[in-house]
Amino acid sequence: MTSPKTHTDKLDHLRECFLFQNFPLEHLRKLSFFTRETIVKKGALLFSEGMRADVLFYLIEGEVQVYKVTPEGREATLHIFRPGELIAEAVLFLERVYPANGRAASRARVLTVEGRPLLQLMEENPPLSRLMLASMAMKLQEFTFRFEALSSTTIETRLARYILGPLTGNKPQEGSNFTLRLSKKALAAELGSTPESLSRALRHLIEQKLIGVSGKKITVNSVTGLRAMAETSRG
């Protein structure tokens, strides 16, 4: 891992994090002194199962895979974290060890907040705990909506949304493309499906001439068609 960034940059990222979005500026400034930004190479571990959780991770760029290794030696993906998400915050607050492994699925920029100063800040300022609980409640509601979306959409719809996601900030058009950073297994887990179902969904989008696939490169052939697919719900 490499670092660092300026104090102002760290403060800006803390403001972006949902957990601290309601914190007064004076407390964010205090917290920023115990915060650092690091660049994590693809494949590098952020934490291992059994390690003591003593920092809070906020993902700025890239993707982080949290997984467990089965007794047979296979990796089971639990979640793929994307920019704007906190990683394993509950473990820090419970003062426990990590129940799984976390590694960068791509080159990632991560903000790390030291756990002990954060907990001390909350103990010295009880209103911060209430503000944090409010932020967590809003995030829980967001997860509820996400679960409902998973149960009411097809894998093709979720795949179309995923493909459009990286392109939304660049006004996607025919010929737009991006490189898929996740393995098929990890992407299937992220979309709440299986690798077999994901393969069928990819073939369906290719047959509909909505996308083209070459290795890990996905090219958009029809933005209109993908958007229509992304808005489809189960019948």
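Using my numbering, read the sequence shown as starting at 489 and increasing by one per residue.
Each residue gets a CB set at the ideal place from its N, CA and C atoms; glycine is no exception.
- Cα atoms of residue 519 and residue 592: separation of roughly 25 Å, rounded to the nearest angstrom.
- Ranked by how close their Cα comes to the Cα of residue 571, the residues 596, 525 and 517 have 596 in first place.
- Of the residues 719, 506, 720 and 693, the one whose Cα lies closest to the Cα of residue 709 is 693.
- The C-beta of residue 553 has 16 or more other C-beta atoms within 10 Å across all chains shown, which makes the residue buried.
- Annotation: the continuous alpha helix (DSSP H) that includes residue 603 extends over 603 to 612.
- Between the segment 599 to 610 and the segment 518 to 532, the count of C-beta pairs closer than 8 Å reaches three or more; the two stretches touch.
- Residue state for residue 502 is assigned as helix, using DSSP reduced to three classes.
- Going by beta carbons, residue 565 and residue 678 fall inside the 9 Å limit.
- Counting along the chain, the unbroken beta strand (DSSP E) around residue 554 starts and ends at 552 to 557.
- Proximity to residue 508 across 556, 560, 673 and 621 peaks at 621, based on C-alpha coordinates.
- Residue 600 and residue 642 have their C-alpha atoms spaced approximately 36 Å apart.
- Nearest to residue 533 by alpha-carbon distance, out of 666, 525 and 555, is 555.
- For residue 609, the CB contacts under 7 Å within the same chain, skipping 5 residues up- and downstream, are 515, 518, 519 and 616 in chain order.
- Here residue 581 carries a helix assignment [DSSP, helix/strand/coil].
- Of 538, 563 and 574, the smallest CA-CA separation from residue 544 is found for 574.
- Judged by DSSP in its simplified three-state form, residue 521 adopts coil rather than helix or strand.
- In this structure residue 716 is exposed. Its beta-carbon is surrounded by fewer than 16 other beta-carbon atoms within 10 angstroms.
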